[in-house]
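*Asks:*
2 protein chains.
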Amino acid sequence: MTPTITAFAQSPDRGLGQARDMRVRWAFEEVGQPYDVRLVSFDAMKQPAHLALQPFGQIPTYEEDGLVLFESGAIILHIAQRRPGLLPDDPNARARAVAWLFAALNTVEPPIVELEQTGYTEGDKPWHKQRVPLMEDRVRARLRELSRRLGSAEWLDGDFSAGDLMMVMVLRRLNGSALQAEYANIAAYVARGEARPAFRRAYEAQHAVFAAAQARS
Amino acid sequence: MTPTITAFAQSPDRGLGQARDMRVRWAFEEVGQPYDVRLVSFDAMKQPAHLALQPFGQIPTYEEDGLVLFESGAIILHIAQRRPGLLPDDPNARARAVAWLFAALNTVEPPIVELEQTGYTEGDKPWHKQRVPLMEDRVRARLRELSRRLGSAEWLDGDFSAGDLMMVMVLRRLNGSALQAEYANIAAYVARGEARPAFRRAYEAQHAVFAAAQARS
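Heads up: the protein sequence lines correspond to chains A and B, in order. In terms of my numbering, the first sequence opens at residue 1 and continues consecutively. In terms of my numbering, the second sequence opens at residue 1001 and continues consecutively.
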């Protein structure tokens, strides 16, 4: 049975691939798993039918044969455990790849999301301009540590893994920000991820949703 | 071989079990896995020897027989996959328990950590008092959604799992805050977690580190 994921009917980022369905699309493409997409409006995301799938009213969800999952990290791990391509065979290397998946989501992403959303949530507050540099420094601290560990390696630990996929997705939230460019090896790492054929296919697929909505409006 | 984890030599919370080694200790206790602890000073955490284990200079780490892991989520998943007690046998139920583990770390914890750390990082700023209610509302939004899903159930999805362990640990960061008490079923859920014998043993073990350091000083 082909799994079905949910994605935004209206792309908040105008098709730039920052919504979290992009992570899951990329994972499907890396392992060669066909998938279906059901689009959900912002309004429908907060209704009981969607909340039954995703208690926090977000996307993506994953449905297959009686299984419903949410959280992009959990969905990617599930996909990676079922088909080769995103986790090494060696059990120790596999556990380390999973550690990078968690590091992307729990250590690197939170300060990046804080910085990103502050413009929307507090952009009109008198303190906003003074807080941005503080938040940028918190992001820098993480990027510095990550840059030091990455060094001149191609990926975080051996071959490309689900950990790299998630880390690239988290770091590319900074695309267009001067912060990413301050760490040349991180900028190159993100570019390497985005150059993968599976990434390109996933990107085009999510962008097509935006383009179709534009064409209709 | 007995795994070794790292923990703070000086407890930042005076032994209240909020440091992230507590999560891993609890997981060990739930599955009946003996473990060793190596204490690390704040200074040593930022030195090359520790950074080789934990690139972001944090605790806990996990070492066993040539395997080094970091990120409490990854460590708990590793423990849970190797011994029964924290993940259901049914593959679908297992995937859902892992989804709650990610939800605790990537959806529920970030706004709680933001609220918690703002006193340390921005407590002296003129805007601090005005921002606290905004941050509390972000936490409330998550608690409301979680409370609605939990309903009158004992645990999030069937039996107690690694997902519940992490969710309880994340929610108990709010112990002593009025926020948790606003949602009676969440307060009761946290209390149920803290009442588990494995939690108590883990709590006592981490508290003993604090008590011993007190006795020496």
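Here a beta-carbon is modelled for each residue, glycine too, at the ideal position from N, C-alpha and C.
So Ile1059 (chain B) packs on Val1031 (chain B), CB below 8 Å; how close in whole Å?
*Replies:* Your numbering for residue 1059 (chain B) matches position 59 in the second sequence. Your numbering for residue 1031 (chain B) matches position 31 in the second sequence. Incorrect: roughly 20 Å between the Cβ atoms, too far for contact.
*Asks:* Scan the segment 1104–1122 of chain B for residues whose Cβ lies nearer than 8 Å to a Cβ of chain A and list them as they occur along the chain.
*Replies:* Residues passing the 8 Å Cβ filter: Leu1105, Asn1106, Thr1107, Glu1109, Pro1110, Val1113, Glu1114, Thr1121, Glu1122.
*Asks:* Residues of chain B with a CB under 7 Å from the CB of Gly73 (chain A): which are they?
*Replies:* Stepping through the first sequence from its first residue, residue 73 (chain A) is reached at position 73. Residues of chain B passing the Cβ test: Phe1102, Asn1106.
*Asks:* Provide the residue(s) that pair with Tyr62 (chain A) in DSSP beta bridges, ordered along the chain.
*Replies:* On the first sequence, residue 62 (chain A) is found 62 positions in, with the first residue counted as 1. Answer by DSSP bridge pairing, in chain order: A:Ile5, A:Leu69.
*Asks:* Using a Cβ-Cβ distance cut-off of 8 Å, determine whether Val98 (chain A) contacts chain B.
*Replies:* Locating residue 98 (chain A) in the first sequence gives position 98, counting from the first residue. Chain B contact via Cβ: present.
*Asks:* Would Arg149 (chain A) pass as an interface residue toward chain B - the criterion being a Cβ-Cβ separation below 8 Å?
*Replies:* On the first sequence, position 149 is the one that residue 149 (chain A) refers to. For Arg149 (chain A), the answer is yes, since a Cβ of chain B falls inside 8 Å of its Cβ.
*Asks:* Can you confirm whether Phe28 (chain A), when its beta carbon is compared against all beta carbons of chain B, has any partner nearer than 8 Å?
*Replies:* What you label residue 28 (chain A) is simply residue 28 of the first sequence in a count that begins at 1. By this cut-off, Phe28 (chain A) is not an interface position.
*Asks:* With a CB to CB cut of under 7 Å and the five nearest residues on each side skipped, what residues in its chain are close to Ser1072 (chain B)?
*Replies:* Start at 1 with the first residue of the second sequence, and residue 1072 (chain B) comes out as number 72. Answer for Ser1072 (chain B): Arg1020, Arg1023, Val1024, Pro1060, listed in chain order.
*Asks:* Are the C-beta atoms of Asn92 (chain A) and some chain B residue less than 8 Å apart?
*Replies:* Stepping through the first sequence from its first residue, residue 92 (chain A) is reached at position 92. Taking Cβ atoms only, chain B reaches closer than 8 Å to Asn92 (chain A), which makes this a yes.
*Asks:* Could you spell out the range, first to last residue, of the beta strand (DSSP E) harbouring Asp1036 (chain B)?
*Replies:* Locating residue 1036 (chain B) in the second sequence gives position 36, where the first residue counts as 1. Looking at the DSSP string, the run of the beta strand (DSSP E) that includes Asp1036 (chain B) is 1036–1040.
*Asks:* Is Leu1015 (chain B) helix, strand or coil when you go by DSSP?
*Replies:* Taking the first residue of the second sequence as 1, we reach residue 1015 (chain B) at position 15. Leu is not the amino acid found at residue 1015 (chain B); the sequence shown has Gly there. In the structure shown, Gly1015 (chain B) sits in coil (DSSP, three-state: anything other than H, G, I, E or B).
*Asks:* Compare the beta carbon distance of Ala1074 (chain B) and Ala99 (chain A) with 8 Å and say whether it is the shorter of the two.
*Replies:* On the second sequence, position 74 is the one that residue 1074 (chain B) refers to. On the first sequence, position 99 is the one that residue 99 (chain A) refers to. In contact: Ala1074 (chain B) and Ala99 (chain A) (Cβ atoms closer than 8 Å).
*Asks:* At a Cβ threshold of 8 Å, is Leu1191 (chain B) touching chain A?
*Replies:* Translated into the one-based positions of the second sequence, residue 1191 (chain B) becomes position 191. The sequence shown places Ala at residue 1191 (chain B), rather than the Leu named in the question. It does not: the Cβ of Ala1191 (chain B) has no partner Cβ on chain A nearer than 8 Å.
*Asks:* Nearest to Gln18 (chain A) by CA position, among A:Gln206, A:His78, A:Arg144, A:Gln214, is which residue?
*Replies:* What you label residue 18 (chain A) is simply residue 18 of the first sequence in a count that begins at 1. Comparing Cα-Cα distances from Gln18 (chain A) to each of A:Gln206, A:His78, A:Arg144, A:Gln214, the minimum goes to A:Gln206.
*Asks:* Would you call the segment 1170–1183 of chain B in contact with the segment 1199–1216 of chain B, where contact means no fewer than 3 C-beta pairs closer than 8 Å?
*Replies:* No: fewer than three Cβ pairs fall under 8 Å.
*Asks:* Based on Cα-Cα distance, which residue from B:Leu1179, B:Leu1150, B:Leu1087 lies nearest to Arg1138 (chain B)?
*Replies:* Numbered from its first residue, the second sequence carries residue 1138 (chain B) at position 138. Closest by alpha carbon: B:Leu1179.
*Asks:* Throw me the rounded Cβ distance for the Val132 (chain A) and Pro1110 (chain B) pair, which I believe falls under 8 Å.
*Replies:* Reading the first sequence from its first residue, position 132 is the one you call residue 132 (chain A). Reading the second sequence from its first residue, position 110 is the one you call residue 1110 (chain B). Contact doesn't hold; Cβ gap of about 18 Å is too wide.
*Asks:* Take Thr107 (chain A) as the anchor and find which of A:Leu146, A:Ala191, A:Ala153 has the nearest alpha-carbon.
*Replies:* Mapped onto the first sequence, residue 107 (chain A) falls at position 107. Out of A:Leu146, A:Ala191, A:Ala153, A:Leu146 has the C-alpha closest to the C-alpha of Thr107 (chain A).
*Asks:* So Glu136 (chain A) contacts chain B; which residues on that side make the cut at Cβ distance below 7 Å?
*Replies:* The residue labelled residue 136 (chain A) in the question sits at position 136 within the first sequence. Residues of chain B passing the Cβ test: none, with the nearest at roughly 13 Å.
*Asks:* Run through chain B and tell me which residues come within less than 9 Å of Glu145 (chain A), C-beta to C-beta.
*Replies:* Taking the first residue of the first sequence as 1, we reach residue 145 (chain A) at position 145. Result: Leu1051, Pro1055, Phe1056, Gly1057.
*Asks:* Ends of the alpha helix (DSSP H) at Asn92 (chain A)?
*Replies:* Along the first sequence, one-based indexing puts residue 92 (chain A) at 92. Looking at the DSSP string, the run of the alpha helix (DSSP H) that includes Asn92 (chain A) is 91–103.
*Asks:* Using 8 Å as the limit for Cβ to Cβ distance, is Leu77 (chain A) near chain B?
*Replies:* If you number the first sequence from 1, residue 77 (chain A) lands on position 77. Chain B contact via Cβ: present.
*Asks:* Spatial neighbours of Ile76 (chain A) within its chain, please: C-beta separation below 8 Å, excluding the five flanking residues on both sides.
*Replies:* Locating residue 76 (chain A) in the first sequence gives position 76, where the first residue counts as 1. Result list for Ile76 (chain A): Arg23, Val24, Ala27, Leu86, Leu101, Ala162, Leu165, Met166, in chain order.
*Asks:* Determine, for Leu1067 (chain B), whether the minimum Cβ-Cβ distance to residues of chain A falls below 8 Å.
*Replies:* Translated into positions along the second sequence, residue 1067 (chain B) becomes position 67. Yes, its Cβ sits closer than 8 Å to a Cβ of chain A.
*Asks:* So, does the CB of Ala181 (chain A) fall closer than 8 Å to a CB anywhere in chain B?
*Replies:* Residue mapping note: residue 181 (chain A) aligns to position 181 of the first sequence, counting from 1. Closer than 8 Å: no.
*Asks:* Helix or strand or just coil, what does DSSP make of Phe56 (chain A)?
*Replies:* Counting from one through the first sequence, the residue named residue 56 (chain A) turns up at place 56. The answer is coil: DSSP assigns Phe56 (chain A) none of H, G, I, E or B.
*Asks:* Does the Cβ of Phe42 (chain A) have 16 or more other Cβ atoms within 10 Å, making it buried, or fewer, making it exposed?
*Replies:* Taking the first sequence and counting its residues from 1, the one referred to as residue 42 (chain A) is at position 42. Its Cβ having fewer than 16 others within 10 Å, Phe42 (chain A) is exposed.
*Asks:* For the alpha helix (DSSP H) that contains Arg1140 (chain B), what are its first and last residues?
*Replies:* One-based indexing of the second sequence puts residue 1140 (chain B) at position 140. That run of the alpha helix (DSSP H) goes 1128–1150.
*Asks:* Please compile the residues from chain B whose C-beta is within a distance smaller than 9 Å of the C-beta of Arg172 (chain A).
*Replies:* Residue numbering aside, residue 172 (chain A) sits at position 172 when the first sequence is read from its first letter. Going along chain B, no residue has its Cβ under 9 Å from Arg172 (chain A), so there is no contact; the nearest lies around 17 Å.
*Asks:* Does the distance from the CB of Ile5 (chain A) to the CB of Val37 (chain A) come in under 8 Å?
*Replies:* Walking along the first sequence from the start, residue 5 (chain A) turns up at place 5. Walking along the first sequence from the start, residue 37 (chain A) turns up at place 37. Yes, they are a contact pair.
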